[in-house]
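First up is the structure itself, then whatever we jot down about it.
There are 2 protein chains.
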Amino acid sequence: MNLDSETKAVELPDDHGTELRLWLRLLTCTTLIEGEVRSRLRERFDVTLPRFDLMAQLDKVQDGMTLSDLSKRMMVSNGNVTGLVERLVESGHLDRRTSETDRRVQFIRLTKLGRAEFRKMAGEHEKWIADIFGDLSPKDMRELMRLLAKAKGSAQRAAKARTP
Amino acid sequence: MNLDSETKAVELPDDHGTELRLWLRLLTCTTLIEGEVRSRLRERFDVTLPRFDLMAQLDKVQDGMTLSDLSKRMMVSNGNVTGLVERLVESGHLDRRTSETDRRVQFIRLTKLGRAEFRKMAGEHEKWIADIFGDLSPKDMRELMRLLAKAKGSAQRAAKARTP
DNA sequence: GCCAATTGCTTGAAGCCTAAAGAAATTGCA
DNA sequence: TGCAATTTCTTTAGGCTTCAAGCAATTGGC
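These protein sequence lines map, in sequence, to chains A and B.
In terms of the UniProt record's numbering, the first sequence opens at residue 1 and continues consecutively.
In terms of the UniProt record's numbering, the second sequence opens at residue 1 and continues consecutively.
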């Protein structure tokens, strides 16, 4: 019996099962963690993940950011950010200021209250994440970082190839 | 100078920066790929990712599944599945049949049309995923699978500890 | 200066998603 | 049997998300 033809008979011409399983595992893993973080944010601080993420972006800068910057960094649509910011201004966490040189542009900043609350949440959040990844060794984490970077690069290459 | 105390001075008492960066990279990577898949499904087949996912679950079985099974497998809420199924029944892709032994239960199946369309989509989808992960070697993929499994286990452990 | 193209943001329609409350059916236990 | 607890599913209110269309302001080429 020819082992080679045997193998070919089992393997279909284009077998991409490995990639598919990898993608499903990646998705499951992220969904699981995201759900856990979402629950904890809700229970502990009564805040949603998108609001937390938006505040996290703003906490990194001192003098504010435009809506476009926010939507690029958060990888969500412009209209989405409009709504999120609106609700966070409403609740007193954010502050909008129209640019003086370009009246289309608005600079969004954390208010004093917003920054204080965010810092409090971020402290706990960081501990949750450390707990969630607690079973991974430093070496595991380094390796995972490296492979995810590679996967990200690969995905960006594929996305670019489709939309030149 | 004492190197040890030097190190301690730099490292904060609880530094969880690595875990946090890892989580952000995982999230970015998944969001990127998910967005790409979503776009392609929309452009090519005018279908949403949740609908595709739901049909993927149903394609795996012959004789249908209950709404509860679906919501567990998809890791989304019950009410969410109710709405998704409703729209897919509407469009002729799904078929509902009330259980004869328990009138609360409904078995959901793909229709002939639904299965045919799903198979067509799934074939292309698999190629997209293979392309998206194309830069990873088989060894990279094996290693990534292993580390993600470990991360998943760790997250499940953490989630369970919070909700006993 | 003029005006077409671009940029920054908002709006509207549609769909996705959750938590919580509730309706209907079944189960299990006294 | 009787009925309380549970299970399955739907509904509702609110928020998130996208895409496409639209408005207002700015820019750049002429």
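Note that beta-carbon positions come from the ideal geometry of N, C-alpha and C, so glycine has one too.
Please read these numbers as outputs of a predicted model, since none were measured by experiment.
Residues that DSSP places opposite residue i in a beta bridge
{"i": "Q65/B", "result": "In the sequence on display, residue 65/B carries Met and not Gln. BP columns for M65/B point to I108/B."}
{"i": "R146/B", "result": "DSSP output for R146/B lists no bridge partner at all."}
{"i": "L31/A", "result": "For clarity, residue 31/A is Thr in the given sequence; the question names Leu instead. T31/A pairs with nothing; no bridge assigned."}
{"i": "L94/B", "result": "L110/B"}
Nonlocal neighbours in the same chain, by C-beta distance under 8 Å from residue i, ignoring five residues either side
{"i": "F133/A", "result": "M141"}
{"i": "L41/A", "result": "V47, T48, L49, F52, M121, H125"}
Beta carbon proximity, residue i to chain A, threshold 9 Å
{"i": "I132/B", "result": "yes"}
{"i": "T30/B", "result": "yes"}
{"i": "T101/B", "result": "no"}
{"i": "D69/B", "result": "no"}
{"i": "D135/B", "result": "yes"}
{"i": "G79/B", "result": "no"}
Cutoff 9 Å: residue i Cβ touching any chain B Cβ
{"i": "G83/A", "result": "no"}
{"i": "P138/A", "result": "yes"}
{"i": "G48/A", "result": "Looking at the sequence itself, residue 48/A is Thr, so the reference to Gly does not match. No, its Cβ sits nowhere closer than 9 Å to a Cβ of chain B."}
7 Å Cβ shell around residue i - same chain, five flanking residues per side excluded
{"i": "I33/A", "result": "I132"}
{"i": "P50/B", "result": "L84"}
{"i": "K160/A", "result": "none"}
Which of helix, strand or coil DSSP assigns to residue i
{"i": "E140/A", "result": "In the sequence on display, residue 140/A carries Asp and not Glu. Looking at D140/A - three-state DSSP - the assignment turns out to be helix."}
{"i": "D46/B", "result": "coil"}
{"i": "D131/A", "result": "helix"}
{"i": "R103/B", "result": "coil"}
{"i": "T18/B", "result": "helix"}
{"i": "T163/A", "result": "coil"}
{"i": "residue 166/B", "result": "Here chain B covers residues 1 to 164 and nothing more, so residue 166/B does not appear."}
{"i": "V89/B", "result": "helix"}
{"i": "S39/B", "result": "helix"}
{"i": "V81/B", "result": "helix"}
{"i": "K72/A", "result": "helix"}
Cβ-based neighbour list, residue i, same chain, cut-off 6 Å, excluding 5 preceding and 5 following
{"i": "F118/A", "result": "M55, D59"}
{"i": "D63/B", "result": "none"}
{"i": "D95/A", "result": "R109, T111"}
Residue i beta carbon near the ligand SAH (any heavy atom closer than 8 Å)
{"i": "D95/A", "result": "Absent from the structure shown: the ligand SAH. Ligands present: none."}
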